[in-house]
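Numbering (our numbering), first residue to last: 1 to 628. Quick reminder that beta carbons are idealized off the backbone N, C-alpha and C, glycines included. Following: one structure in structure tokens, then a few remarks.
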């Protein structure tokens, strides 16, 4: 018998601690008709059964409301509804278009794009799959009949159509879909078949058939580059899409909320992905995340905006915030002139002057030292303009202080000791500017040492280079051997009194290129207390491949762990240099790396070491050895 005694209900709640178990929060978009924002109970009932906490999201296009909503949810469910205005995809309305819902369109398109930027898991249902496609570069056919006409226009056979808008009860399946092997959708409905980005149907595997309900006259016609097709109807209509970038994003054309236990696995998938995302977010709150190498200053001559979400760069305040990224070491990159070239010919000093009017009197003929200083001046200017949100850090303590105060951190690095301009006094100069490491060389021998792409000018470290390393030890600057030849590497290892680092170097055992480290180099580096950080450049991840993925990054990291141990590894993306991989393409996606580590059951302590803890241990050791 139902009780109407409130105290009895409260007594049950108060009798345990915590009062409730943590559940991931799932935001659900709602329909809008005649002033009413509504949602069928089946959507939130399935979320509750799957172990999530549903929160309804009204169709409000205000950016503050959307951002604050996304900051408080762990997953997003896009519900069904009317047609999307085709003007959003640059098309005029077809006579076959049904009723649009203008109130929902902008609000949901913005919500999807901003949720995507934040790596929030997403499940789209019916209209939801179409919203995903429109928001992220795909196309939606205004009516299924237009698909058959397009087939004919392309010279293909017009396929026989099945009924996609059923008259039967909503909970009754009326046609089947073919789920492609190797997809995440196949894994959901066939747990013994693990998901893969490889198209296993090409190896002869039969698709998995699933009976579904159907209530639509539109469909995704082109999923776009960010998605792959996960399921089709027998007539070829796209019935499901999922991320092609190792992200928890999926859309289905049918209505699993009406299919009870048969539909529940999709909601369980969303809730489980939301739970993992919540754990990753919480972990990033507790630990410091440091990327030890990016080349964003290379783009300063183009007038990039660090306070904008600037598509020209992979690091900015927006992307760092979206990816829950705390800190990055930005390198002043100096290209190595060839014999007979002037340094000023290799860099766009005029571009920097053009986008910084205060520098109009600056000479375009400047030394490498002057150019590096110009880069650091620009970084300091960027920080000064947004000092509430970002800070220049010089020490590990600075990084932790910034994190406590809710600020992002930038550290200074130099890529190519050419910046010293053959003057040992500049080592102290850059130490006083806050430079934490100097990569001794780049792509070509310089006066310090031979490069892995050089001509063996010195047979390793030069006499001047030996003095440079000793002076760097004295000034508390880390010696970085990324880009160095093997002989230079071992010479520097012998010369340096403090551990050396490789800020962005991969494993030669997995990708046989001279730029990568051999297993013997890794062992020698670890024996001296140093660290080697895995980089995201595809050419150093997979030889002969034009594209690499986050899985390749993890493979190189785990090989380094096998060789050196967990205390000698980390991440230096080389973003805005050449570093970019599918699944982790800019700073906003860095939390995906943490998700991969959690998936492999790394402990929080080990993840903290990988995310910069090892590097900061070496930095503290190097800085403590500084001579007064």
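Check your understanding: Are the Cβ atoms of residue 291 and residue 573 separated by less than 7 Å?
Key -> It is a contact, given that the beta carbons lie within the stated cut-off.
Review point. Exposed or buried, residue 521, counting other C-beta atoms within 10 Å across all chains shown (16 or more means buried)?
Key: buried
Practice item. Alpha carbon to alpha carbon, how far is residue 585 from residue 368? Give it in angstroms, no decimals. Key: 30 Å
Exercise for review: Using alpha carbons as the reference points, say which of 485, 287 and 511 lies closest to residue 536.
Suggested key: 511
**Study point:** Separation of residue 588 from residue 117, as counted between CA atoms
**Key:** 6 Å
Exercise for review: Buried or exposed for residue 157, please, with buried defined as at least 16 other CB atoms from any protein chain shown within 10 angstroms of its CB.
Suggested key: Only weak support is given to the placement of residue 157: the predicted model assigns it a pLDDT of 36, under 50, and the value that follows is read from those uncertain coordinates. By the neighbour-count rule (16 or more Cβ atoms within 10 Å), residue 157 is not buried but exposed.
Check your understanding: How about residue 330 and residue 297: are their beta carbons less than 7 Å apart?
Key -> yes
Check your understanding: According to DSSP, what are the bridge partners of residue 327?
Key -> 290 and 409
Check your understanding: According to DSSP, is residue 333 helix, strand or coil?
Key -> Strand at residue 333.
Point to revise | Neighbourhood of residue 258 by C-beta distance below 8 Å, restricted to the same chain and skipping five residues each side | key: Cβ within range, chain order: 42, 170, 171 and 213.
Review point. What does a CB cutoff of less than 7 Å around residue 106 pick up in its chain, not counting 5 residues either side in sequence?
Key: 61
Check your understanding: Using the C-alpha atoms, what's the distance from residue 228 back to residue 200?
Key -> Low per-residue confidence applies at residue 200: pLDDT is 42, beneath 50, and the placement is therefore not dependable enough to give any value.
Practice item. May I ask you to report which of helix, strand or coil DSSP gives residue 377? Key: helix
Practice item. State the DSSP-derived secondary structure class of residue 442, mapped to helix, strand or coil. Key: strand
Practice item. Please name the residue, chosen from 244, 176 and 183, that lies closest to residue 236 on a Cα-to-Cα basis. Key: 176
Review point. In whole angstroms, what is the alpha-carbon distance linking residue 490 and residue 457?
Key: 16 Å
Review point. Can you name, in chain order, every residue of its own chain whose Cβ lies under 7 Å from the Cβ of residue 609, other than the five neighbours on each side?
Key: For residue 609, the CB contacts under 7 Å within the same chain, skipping 5 residues up- and downstream, are 566 and 567 in chain order.
**Study point:** Candidates 33, 77 and 561, of which the one nearest residue 104 by Cα
**Key:** 33
Point to revise | Cα-Cα separation between residue 381 and residue 350, rounded to whole angstroms | key: Whole-angstrom Cα-Cα distance: 18 Å.
Practice item. Look at residue 479 and residue 505 and say whether their C-beta atoms are less than 7 Å apart. Key: no
Review point. Helix, strand or coil: how does DSSP classify residue 222 here?
Key: strand
Exercise for review: Look up residue 4 in the DSSP assignment and say whether it is helix, strand or coil.
Suggested key: Three-state DSSP puts residue 4 in coil, outside helix and strand.
Practice item. Tell me whether residue 1 is buried or exposed, calling it buried when 16 or more other Cβ atoms sit within 10 Å of its Cβ. Key: exposed
Review point. What residues are listed by DSSP as bridge partners for residue 29?
Key: 57
Check your understanding: Of the residues 274, 141 and 264, which one's Cα is nearest the Cα of residue 239?
Key -> Among 274, 141 and 264, the Cα nearest to that of residue 239 is on 141.
Exercise for review: Look at residue 444 and residue 460 and say whether their C-beta atoms are less than 7 Å apart.
Suggested key: no
Check your understanding: Which first and last residues belong to the beta strand (DSSP E) in which residue 531 is found?
Key -> It spans 531 to 534 - the beta strand (DSSP E) in which residue 531 sits, taken as one unbroken run.
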